[in-house]
Amino acid sequence: MSVHKTPRGRWEAKWRDPSGRQRSKNFPTKREAKDFLAEMATTLRRGNYVDPHAGRQRFETHARAWLASRNDEASTKARDASIMHNHVIPQWGTWQLGKIDHLSVQGWVTELGTRRSPATTAEAFRLTSAVLRSAVRNRLIAFNPCEDVRLPKRRKHDHDDRVISREDLSRLLLPALPERYRAFVATTAWAGLRWGEVAGLRADALDLEAGRLRVIRVVVEVSGNTAFKPFPKSAAGRRTVPLPPWLVTMIGEHTDRYGLGDHGLVFPNAVGKPLRRTLFRSRVWRPALVRAGLLGEVAEIDGHKFEARWTDEDGGEDSAICGSYEEAVKAVALEAGAGLRFHDLRHSYATWLVDDGVPPNMVQRVMGHENVTTTLQLYTRRTEHHDRILDALGDLPTPAADDPAPTGSDGDDDPDEEDPGVVTP
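For the sequence shown, this note's numbering gives the first residue as 127, with consecutive numbering after it.
Rendered as structure tokens:
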């Protein structure tokens, strides 16, 4: 290692990297050059050497190499590639890795949080941090500037994880669905299945005589294309689920009427292929919610036109005049905010079981959770046992007729002072 003065009056620090290649860097003063070499000597000795010029690589170059090297499932790859393309690359793509600092990342996260949901912001930050963490591991930068960045809090809303009662589901929602999809929705709700599990259900996993089905594979959808995955979401997801007798009959009648699809699919689309979640939501699920009176409202006007009324995502009321009932239904389904999600059928199933006193460990197994803690955190806190709480509290106790009314010692009690013998709410 050495320091030399250049013809231009700057000071050049020279050293050799771990491969033996000579490297150099210029500084305005001799002191800075010596301090730099001392730091280089320390990192070389500890095995933490990072080439000071490596950080010049553009973020996008390393990000695309990082994405290509991962061996994730197709659905995960597609999701991360979309987030990277839409949110991360537009911000950091042209930046040199070494120029990204903590303050810049924190400012970006804060600004993005004003335009996107906390969930989207968190996902964009997760990918940014992962790319920079990879850069650290590959000795391109010395540290990850994403450490200790604060994310917007993900607060729950009133419409998060809604629960529908069994009565409303059977009395309102199922009749509002096209007949072809009633058994599909009923099986989802009364077996607590995820979308991919019910859409990928085949005849070999269905035993109507025994009244049960097995979750052994799922359907995944990537960019509008569906494919089978020969295993569920987790090891615990491979499970057997009991079916009520009436549902066994319903599924049997469905297969008799519509037949099985490709590969023995129990609930195929009209051409025998797996149902596509995006199309089902817009064409079947949301319109059914409107017809069932569970989303928005449609009112007839003068016997010729229909008024569609709904509440948007921000809580604002809106409406439109339509020429037919179905046109009004489509308008509400398209414009209304929130509403029961298809996945909420699974949440409802678990909540029914917990409310009916099924032990958490049994709910865990039938839901396919790996840990009973997940079941307890997700569902026991959702159930509201107001009646039980009120019964436990009982009626207001009334003092006996000859009991003296409570008074203070001098008739001038401090209203803010607690009596140690009285429990105050």
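The C-beta atom is built at its ideal place from N, Cα and C for all residues, glycine as well.
- About 19 Å separates the beta carbon of LEU229 from that of ALA248, a gap too long to meet the 8 Å contact definition.
- The Cβ atoms of TYR307 and VAL410 lie closer than 8 Å to each other.
- Annotation for TRP321: no beta strand (DSSP E) segment contains it, though the alpha helix (DSSP H) segment containing it runs 321-325.
- The C-beta of THR202 has fewer than 16 other C-beta atoms within 10 Å across all chains shown, which makes the residue exposed.
- Judged by pairs of C-beta atoms under 8 Å, the stretch 328-347 touches the stretch 385-405, as three or more such pairs exist.
- Looking at the DSSP output, TRP316 shares a beta bridge with no other residue.
- Collapsing the DSSP output to three states places SER360 in coil.
- HIS469: not part of any beta strand (DSSP E); DSSP gives it neither H nor E.
- Looking at the backbone, the Cα of ARG435 and that of VAL289 are separated by about 23 Å.
- Nearest C-alpha to ASP470 among VAL458, HIS495, TYR505 and ALA459: TYR505.
- DSSP places LEU339 inside the beta strand (DSSP E), whose first and last residues are 338-341.
- Distance from LEU258 to ILE226 at the Cβ level is roughly 7 Å; contact confirmed, criterion being Cβ atoms closer than 8 Å.
- Excluding its 5 nearest sequence neighbours in each direction, VAL492 has C-beta neighbours in its own chain below 7 Å: GLY318, ARG365 and VAL367, listed in chain order.
- DSSP lists no bridge partner for TRP372.
- Residue pairing from DSSP places GLU423 in a beta bridge opposite ARG435.
- Non-local C-beta neighbours of LEU295 in its own chain, meaning closer than 7 Å and more than five positions away in sequence, comprise ALA315, ordered along the chain.
- Assignment of beta strand (DSSP E) within the stretch 237-296, counting only whole runs of 3 or more residues, yields no such run.
- A distance of 8 Å or more separates the beta carbons of ALA325 and LEU386.
- Measuring C-alpha to C-alpha distances from LEU332 to each of LEU373, PRO304 and ALA261 identifies LEU373 as the nearest.
- In this structure LEU298 touches GLY419 by the C-beta definition: roughly 6 Å separates them, less than 8 Å.
- When rounded, the separation of the alpha-carbon atoms in MET166 and THR240 is 42 Å.
- Around ARG343, the same chain offers GLY326, ARG328, ALA331, PHE354, LYS355, PRO356, PHE357 and PRO358 as residues with beta carbons nearer than 8 Å, after the five sequence neighbours per side are excluded.
- Between ALA189 and ILE215, the C-beta gap is smaller than 8 Å, which places the two residues in contact.
- Burial state of GLN490 is buried, judged by a 10 Å Cβ sphere holding 16 or more other Cβ atoms.
- From the listed residues GLN148, LEU479 and ARG472, the smallest Cα separation to VAL311 is found for ARG472.
- The beta carbon of PHE162 sits closer than 7 Å to those of ALA139, LYS151 and PHE153, all from its chain and outside the five residues before and after it, given in chain order.
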